Amino acid sequence: MTAPTKPMPHSPAAPGDSPEPTGDALHSPVIAWFDAHARDLPWRRPDAGPWGVMVSEFMLQQTPVSRVLPVYEQWLARWPRPADLAGEAPGEAVRAWGRLGYPRRALRLHGAAVAITERHGGDVPTQHAQLLALPGIGEYTAAAVASFAYGQRHAVLDTNVRRVFARAVTGVQYPPNATTAAERKLARALLPEDARTASRWAAASMELGALVCTAKNENCARCPIADRCAWRTAGKPAHDGPARRTQTYAGTDRQVRGKLLAVLREAVTPVPQAALDRVWDEPVQRARALDGLVADGLVEPLSDGLYRLPLT
DNA sequence: CATTCGTGGGA
DNA sequence: TTCCCAAGAAT
Numbered sequence: 001m002t003a004p005t006k007p008m009p010h011s012p013a014a015p016g017d018s019p020e021p022t023g024d025a026l027h028s029p030v031i032a033w034f035d036a037h038a039r040d041l042p043w044r045r046p047d048a049g050p051w052g053v054m055v056s057e058f059m060l061q062q063t064p065v066s067r068v069l070p071v072y073e074q075w076l077a078r079w080p081r082p083a084d085l086a087g088e089a090p091g092e093a094v095r096a097w098g099r100l101g102y103p104r105r106a107l108r109l110h111g112a113a114v115a116i117t118e119r120h121g122g123d124v125p126t127q128h129a130q131l132l133a134l135p136g137i138g139e140y141t142a143a144a145v146a147s148f149a150y151g152q153r154h155a156v157l158d159t160n161v162r163r164v165f166a167r168a169v170t171g172v173q174y175p176p177n178a179t180t181a182a183e184r185k186l187a188r189a190l191l192p193e194d195a196r197t198a199s200r201w202a203a204a205s206m207e208l209g210a211l212v213c214t215a216k217n218e219n220c221a222r223c224p225i226a227d228r229c230a231w232r233t234a235g236k237p238a239h240d241g242p243a244r245r246t247q248t249y250a251g252t253d254r255q256v257r258g259k260l261l262a263v264l265r266e267a268v269t270p271v272p273q274a275a276l277d278r279v280w281d282e283p284v285q286r287a288r289a290l291d292g293l294v295a296d297g298l299v300e301p302l303s304d305g306l307y308r309l310p311l312t
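Here the first sequence is numbered in full-length UniProt numbering, starting from 1 and rising by one per residue.
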């Protein structure tokens, strides 16, 4: 059911340009695989709507699907439209965020809902540039919402797609640490001309990276393009560049912030300083973490040594 | 461009 | 148990 794709129109090749990648050979098998194996995720259902898609994208930024699912359902049940969330205190968004991690995302999602209510009549904007202007929405999320919610033609470059392209096309095990201009160019070159097909391709290539072409223990036996995969054909050479910096967590400010915020999420009434002091014994780091939370707007200090999630 | 920012589950 | 990571954004 893929629309016939036309060759990409392209400008005269600059010196040093690599040949135009052949995306057409990849679209059909990947999209057919997607039609057969895609997960039935709530934000992919027709009734999810742009707001559902947007909420899911915020939650899925660095958080696994399995942990997002229950929170997503509660969130949409409580705030079915952007204006519903915008009418709440930001602290309620932080509380409902629960243990998804990176709670600033909750604050930004609330801020985005406010902006949508104020500037876009309560509807998630349709244009990439409008989406990009919202708090918490970067290059990836803007493209994802425009593509998944509105069926537009955008290069959707998340970590899964980048890995699929790195292997299938470039022939290396892992993409660069940060998204490069070369990756964007490749993604654009591979994008089907037809918007509907491009949207499908974006979701399909992402799902392939999430389910089959995974970071570890990739399953080439289930891959619809294994026979065309440059990395596999080359004998799966190991990643040669510098090892990807593994992030430590124990003992960091992030861990302390997490503990502090956990206390405040559970509390119905403002929490005295003494209760927060109990989560970490080192006073300097503890104070720094709390100051950071306040600076980020995740915690609101009251006048008498009490703290709570932000009311405004 | 490199860092910071949570969390919990699986290998 | 330790390690690695899972649909990024902001600075």
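All residues carry an ideal CB built from backbone N, CA and C; glycine is no exception.
None of these values were measured; they are calculated from a predicted model.
The beta carbon of residue 119 lies closer than 6 Å to none in the same chain, with the five residues before and after it left out. Residue environment analysis places residue 205 among the buried positions, since at least 16 neighbouring C-beta atoms fall within 10 angstroms of its C-beta. Going by beta carbons, residue 136 and residue 109 fall inside the 8 Å limit. With distances taken between CA atoms, residue 282 lies nearest to 253 out of 253, 301, 270, 308. With 16 or more other Cβ atoms from the protein chains shown falling within 10 Å of its own Cβ, residue 141 counts as buried.
Here residue 306 is bridged, per DSSP, to 272. The Cβ atoms of residue 293 and residue 261 sit closer than 8 Å to each other.
Sequence-distant partners of residue 139 (beyond 5 residues in either direction) whose C-beta falls short of 8 Å from its own C-beta, in its chain, are 132, 157, 179. Apart from the 5 residues on each side of it in sequence, residue 311 sits with its Cβ closer than 7 Å to the Cβ of 89, 91, 300 in its chain, given in chain order.
For residue 174, no alpha helix (DSSP H) segment is defined, and its DSSP state is neither H nor E. Three or more Cβ pairs closer than 8 Å define a contact, and the stretch 262 to 272 falls short of that threshold against the stretch 45 to 55.
Exclusion of the five residues before and after residue 38 leaves 207 as the residues of its chain whose Cβ lies within less than 6 Å of its Cβ.
Judged by DSSP in its simplified three-state form, residue 88 adopts coil rather than helix or strand. Counting along the chain, the unbroken alpha helix (DSSP H) around residue 116 starts and ends at 104 to 119. Inter-residue distance for residue 49 and residue 218 is about 32 Å (C-alpha atoms, whole angstroms).
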